[in-house]
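Enquirer:
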Amino acid sequence: MAARATGYFIVCINSILLIPVLYPQYQAFFDPERGAASLRVLRARNAPLILCFLQQSFKAAMYAPVISHDLLTAHLADFLQEWNVVEEEDDVADLGSAPEEKAVKLIREWVRYGYLTLYTDEQGQDQHTLTPPLESVLDWVAAQLTKRSFVGTESRFLDIVQKLRELVRESQHDWETRVAELEAQRADLDRQIRELKITRQVQSFEDFQVKERFEAVNLLARTLLRDFREVETNFRDITQHLYQQQTTLHHTKGSLLTLALDALDALRQTDQGRSFDAFYQHLNDPRQKAELDELIGQVFDLLQARAITPADALLLRRLKPFLLGEGQKVNAAFQLLARKLEKIVAEKNLQDRRKSRELTRDIRALAFEVLDRPPPPAAVFLEIDGRADYLAPEPEITLKQRQEGIKARTLRVAEVADEPDFAPLVNQQVVDKTVLIAQIQTLLRDQSQVTLAQVV
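In the numbering used here, the protein residues as written are 210 to 665.
1) Once the 5 residues before and after Gln-381 are set aside, which same chain residues still bring their CB inside 7 Å of it?
2) Closest to Asp-287 by CA distance: which of Lys-311, Asp-655, Phe-366 is it?
3) For Thr-326, which of helix, strand or coil comes out of DSSP?
4) Of the residues Arg-654, Arg-378, Ile-316, Ile-646, which one's Cα is nearest the Cα of Glu-390?
5) With a 10 Å radius around its C-beta and 16 neighbouring C-beta atoms as the bar for buried, classify Thr-467 as buried or exposed.
6) Count the other C-beta atoms from every protein chain shown that fall within 10 angstroms of the C-beta of Leu-532, then say buried if there are 16 or more, exposed otherwise.
7) Do Arg-515 and Asp-416 have their beta-carbon atoms positioned less than 7 Å apart in this structure?
8) Could you check how far apart the C-beta atoms of Tyr-324 and Thr-340 are, in whole angstroms? I think they sit under 8 Å.
9) Give me the Cα-Cα distance between Val-411 and Pro-241, rounded to the nearest whole angstrom.
10) I believe Leu-512 touches Pro-519 by the beta-carbon criterion, under 8 Å. Please report the beta-carbon distance rounded to the nearest angstrom.
11) In whole angstroms, give me the CA-to-CA distance for Asp-348 and Gln-265.
12) If contacts are defined as beta-carbon pairs under 8 Å, then Arg-437 and Val-539 qualify, I think. What distance do you get, rounded to the angstrom?
13) Compare the Cα-Cα distances from Leu-289 to each of Ala-307, Phe-239, Ala-273, Ser-277 and report the closest residue.
14) Compare the C-alpha of Glu-344 against each of Glu-439, Ser-565, Pro-530, Leu-376 and name the closest.
15) Beta-carbon separation of Val-250 and Val-346 under 7 Å?
16) Would you report the Cα separation of Val-350 and Ala-269, rounded to the nearest angstrom?
17) For Thr-518, which three-state DSSP category applies?
18) Leu-166 and Ile-316 look like a contact to me (Cβ under 8 Å); what is the Cβ gap, rounded to whole Å?
19) Below 8 Å on the Cβ atoms is my contact criterion, and I expect Phe-444 with Ala-542 to pass it. Report the Cβ-Cβ distance as a whole number of Å.
20) Taking the straight line between their C-alpha atoms, what separation do you get for Ala-245 and Phe-238?
Structure follows, in structure tokens:
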């Protein structure tokens, strides 16, 4: 049963309400003019060329998440010449072009269509990476073309159970429940230790279980690298949005900074941004990096000991350098955004100073025009609203005139009628404290309080 709502469908199956499906989102996704890059590449006439070449270059046995522009162009020219690819969408002028010229044109189009990204590294070299939508398409097409030798259901089921246990365990706030769980785990570990000491036999994975889990780890690693590019794309989208907003005249420096900081804060506060920050902290931890290297080495030693040859071993073997490289690219995208913010502030200050210089130059030019054409004596040069306070300048006099104008005067000392007598301050009577205290105690025997005159 389906119920129509405003702008979307609400699907009900057996009285269970499912997530609303927004129809406009599907319309926008399948729009032939402005649809997603993943759909555009599948509709392209040269889709086999695009997908096959990019799969071979970026995701084949020699896994390379980043390829320089010159190297990618040379590989594409060799690919066109090796397979004698004839472009159906070539213009008449391009029919006789060399493979190198066609390769340059195709890569430029793929960047414009959103299949590839183009950026400049620290050495000034142009580099290309796959966009997240196209990487998803490549994985889907490769999965359709490659028949798996077996479907690993056991490891996936165990992963689901393990993640459910972790979700329940790590979300518990009751300390007593947590202590009970830890005690149960300790009891289970003690039981396993006793069994190993008695039987002296270890149950290890069989070969199919090793292959299954290795492929699952490889899939997770590919997904993780793709997530890196999605975070990087989000930072670059914010930077591009700032460039677009800066071209509009109604945006001030403050509004642009507010726009950028709000967008950056919103990105960091999303689940994706917070998860990336936590992951990058783990990746930069020296202990965890050392543990990752040790585990990867032990896995390949196990594969070699069992004579297991995985289909895609390069990705896991070089996982840490790939992750560090992708993380540095994300940080580079963030630094690009930070430099853009600094540039906005500097440009606005330069614009203000430039405007001040222009106004000063205009005022100077007008002053020179007035100097060359002085106004007539009766002309009004300046009008002021209200009454103007005029301060006349001090007249200039010579030093001789100033000295002659000074008259000597004799200062008189004021007469004092009566001189003060300071003798009482010097000739004071000595007070015997012992006699004074005895006098006070004698008076207080008969009275509750006494005055100073009575005591003296």
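Beta carbons are placed, not taken as given, at the ideal position from N, Cα and C, and that holds for glycine.
Expert: Considering the structure as presented:
1) Arg-387
2) Lys-311
3) strand
4) Arg-378
5) exposed
6) buried
7) yes
8) 6 Å
9) 59 Å
10) 7 Å
11) 12 Å
12) Correcting the residue identity first, residue 437 is Phe in this sequence and not Arg. Correct: roughly 6 Å between the Cβ atoms.
13) Ala-307
14) Glu-439
15) yes
16) 13 Å
17) coil
18) With the chain covering only 210 through 665, there is no way to say anything about residue 166.
19) 4 Å
20) 6 Å
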